[in-house]
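Structure first, commentary second.
2 protein chains.
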Amino acid sequence: MAQPDMLLVEDDAALAELVTWHFTREGYSVRQTGNGEEAMVMVRERLPDIVLLDWMVEGLSGIEICRQLRRAAATANVPIIMLTARGEEEDRVRGLQTGADDYVTKPFSPRELVARVAAVLRRVRPALAGAAITYADIEMDIVGHKVKRAGKNVALGPTEYRLLRHFLEHPGRVFSREHLLDSVWGHDSDNELRTVDVHIRRLRKAINDGGGGDELPDIIRTVRSAGYSLDMDLAG
Amino acid sequence: MAQPDMLLVEDDAALAELVTWHFTREGYSVRQTGNGEEAMVMVRERLPDIVLLDWMVEGLSGIEICRQLRRAAATANVPIIMLTARGEEEDRVRGLQTGADDYVTKPFSPRELVARVAAVLRRVRPALAGAAITYADIEMDIVGHKVKRAGKNVALGPTEYRLLRHFLEHPGRVFSREHLLDSVWGHDSDNELRTVDVHIRRLRKAINDGGGGDELPDIIRTVRSAGYSLDMDLAG
DNA sequence: AGCGACTGTCATCAAACTGTCACCAAAATG
DNA sequence: CATTTTGGTGACAGTTTGATGACAGTCGCT
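Read top to bottom, the protein sequences are chains A and B.
Quick note on numbering: my numbering labels position 53 of the first sequence as 53, and the sequence is numbered without any gaps.
Take any residue in the second sequence, note its place counting from 1, add 236, and you have its number in my numbering.
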């Protein structure tokens with residue numbers, strides 16, 4: 001999930017556009033509405049990774065949306081950030097008690113809002129905020145020890161995992177077998193150089209197999225007489 | 237842990253007393269210091285459940301304390317709320333990026349601060365705020381010490397309960413046996429690593445058995461050579 | 001003391017993972 | 001084109017790792 005999915009519930013069109021622009025630029029996918037009931041529909045359509053919620057919207061009030069989201073098991077863990085007018089302390093307290101994860105006071109600077117959202121995401125879904133490494137259509141969730149290719153989970157053995165991680169941390173770079181033995185197996189490893197080949201094969205097999213016998217493009221490039229590299233560029 | 241343990245780092249004596257008074261009244265146990273280095277010592281003495289951190293304190297600056305806490309594995313997950321003077325937006329953004337969980341702008345109302353702290357605790361350590369924790373079809377009622385899977389009550393021994401609770405507080409994350417022994421059994425435990433396996437099995441048996449011999453999907457994932465995690469995502 | 005629930009450790013079994021080889025295919029080399 | 005070099009592949013035996021069932025010790029309660 002390289003692109004966090006944000007739902008923005010805000011009826012001030014100008015503000016909504018500003019916020020949308022900023023988060024789109026940050027790599028978020030943003031859906032927006034100014035109506036509370038519509039917001040609930042959109043949540044059901046697709047579960048957002050985070051909800052920005054204006055306190056005063058038509059249809060359902062912010063507090064009501066918040067409560068409904070928290071009540072349903074499916075949406076209970078979706079982080080919510082409230083947007084409140086300045087000084088409405090009552091509302092803020094009530095909002096936090098209702099289950100909002102954070103609030104931001106208008107007027108806010110876009111930069112601050114972005115930092116806030118990132119902070120909440122980092123906490124709730126580390127994979128969405130830096131604890132994950134991404135390259136092309138590969139995604140590695142470090143804390144969860146999980147790997148996805150084109151959205152599908154990929155099962156890797158420990159060594160293949162470490163190998164892929166090494167590549168992901170230096171994408172595009174070519175590594176010799178010696179170097180890989182050193183950094184993936186450990187400085188004291190006295191394995192055959194060809195052992196690397198075998199694990200490269202295993203990694204390829206695991207990561208290029210798209211489920212039903214399909215073949216995804218090979219993302220590991222063999223550089224003759226030099227080594228291997230992670231590379232999505234097929235021609236070239 | 238009915239009584240959350242708070243560390244207050246604030247050098248304005250009057251303010252410190254005010255805050256202490258309020259949180260004590262709310263049932264917190266509050267330790268206080270006005271010096272940054274002393275704060276680090278106090279953290280090491282006993283791990284607080286939450287840190288309130290004035291941005292400007294003697295000894296070590298707030299940002300430095302924050303960074304040091306985040307760096308050490310033992311303290312990386314302790315929630316931190318910064319107290320900043322009004323309008324220092326730069327600092328706030330920087331603070332959030334450094335890893336603070338939230339900030340409150342002076343002057344603040346005690347009531348708001350209490351709500352903020354409660355919100356952060358609810359998020360990071362739901363157990364301390366009395367709420368229930370939910371993940372997939374598992375439900376843990378902290379105050380009632382009860383667990384449900386798919387709506388049905390599940391009987392757990394004390395250790396299995398703590399183990400599951402730890403997983404629920406960090407869903408999706410992989411924990412090594414060492415880490416689990418540390419955080420579920422206690423820092424001073426000198427048990428065999430394999431003890432964890434056994435309790436994982438007991439937890440699995442209890443939680444995957446759907447009553448009449450039915451088998452619910454295993455929600456605990458074994459990650460070879462790494463540890464275990466709570467994970468509902470079977471295919472992907 | 002007796003009972004029952006809970007714990008920690010072991011020995012054993014099964015499965016997953018690893019490293020090496022021999023052999024084949026492809027690419028360079030002359 | 002023949003030869004040499006380099007990488008791909010399938011098989012295999014050894015090793016590591018996790019799952020499991022059994023068992024004895026501990027604790028709290030009656």
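The beta carbon of each residue, even a glycine, is placed where N, CA and C say it ideally should be.
Those residues of the stretch 366–388 of chain B placed with their C-beta closer than 7 Å to a C-beta in chain A are T370, ordered along the chain. Residue contact check for A/N35 against chain B: no CB pair falls below 9 Å.
The alpha-carbon separation between A/I142 and B/D469 amounts to approximately 16 Å.
In chain order, R204 and N208 place their CB closer than 8 Å to the CB of A/D218, counting only its own chain and leaving out the 5 sequence neighbours on each side. Judged by DSSP in its simplified three-state form, A/F175 adopts strand. Assignment of A/K205 by DSSP, reduced to helix, strand and coil, places it in the helix class. In the structure shown, A/E64 falls within a helical segment according to DSSP collapsed to helix, strand and coil.
Ranked by Cα distance from B/E405, the options B/V390, B/L452 and B/S465 are led by B/S465. Of the candidates B/V410, B/L399, B/P407 and B/G387, the residue whose Cα lies closest to the Cα of B/L452 is B/G387. Pairing B/G270 with B/E300 gives a Cβ-Cβ distance that is not under 9 Å. Interface with chain B (9 Å Cβ-Cβ cutoff): A/D188 is excluded.
Excluding sequence positions up to five before and after A/W185, its CB lies within less than 7 Å of the CB of N191, all in the same chain and listed in chain order.
Judged by their CB atoms, B/G463 and B/S412 are nearer to each other than the 9 Å cut-off. Looking at the backbone, the Cα of B/L429 and that of B/R460 are separated by about 14 Å. Annotation: Cβ neighbours of B/S461 in chain A (cutoff 7 Å, chain order): P158.
Measuring C-alpha to C-alpha distances from B/L289 to each of B/E348, B/G263, B/T260 and B/D337 identifies B/D337 as the nearest. The continuous alpha helix (DSSP H) containing B/Y397 extends over residues P394 to E405. Interface residue (Cβ-Cβ distance to chain A less than 9 Å): B/E414 is not classified as such. In the structure shown, A/V41 adopts helical secondary structure according to DSSP, grouped into three states. Contact with chain A is absent for B/R280, since none of that chain's Cβ atoms lies less than 9 Å from the residue's Cβ. B/K382 has its alpha-carbon roughly 29 Å from the corresponding atom of A/R44.
Burial is judged here by how many other beta carbons sit within 10 angstroms of a residue's own beta carbon; B/E253 has fewer than 16 and is exposed. Counting along the chain, B/T458 sits inside no alpha helix (DSSP H); it lies in the beta strand (DSSP E) bounded by residues I456 to V459.
For the stretch 39–73 of chain A, residues whose beta-carbon sits nearer than 9 Å to a beta-carbon of chain B comprise A73.
Here DSSP, grouped into helix, strand and coil, assigns B/Q268 to strand.
Annotation: B/L400 to B/L416 spans about 11 Å, alpha carbon to alpha carbon. With respect to B/R261, B/L244 sits apart: the two C-beta atoms are not nearer than 9 Å. Boundaries of the beta strand (DSSP E) harbouring B/T341: D338 to T341, taken from the DSSP string.
Below the 9 Å Cβ cutoff, chain B contributes T370, Y371 and P407 as neighbours of A/N77, in chain order. Between the alpha carbons of B/L349 and A/M40 lies a gap of roughly 30 Å. When Cβ-Cβ separations below 9 Å define contact, B/E262 makes no contact with chain A.
Residue B/K342 holds the alpha-carbon nearest to the alpha-carbon of B/A321 among B/K342, B/C302 and B/E396.
The C-alpha of A/D5 lies about 22 Å from the C-alpha of A/S61. At a Cβ-Cβ threshold of 9 Å, A/V104 and A/P79 do not count as neighbours. Residues of the stretch 340–362 of chain B with a C-beta less than 8 Å from any C-beta of chain A: S345, R347, E348, A351, R352, A354, A355, R358, R359 and V360, listed in chain order.
Residue-level contact check: B/A321 does not touch chain A, since none of the beta carbons of chain A fall below 9 Å from its beta carbon.
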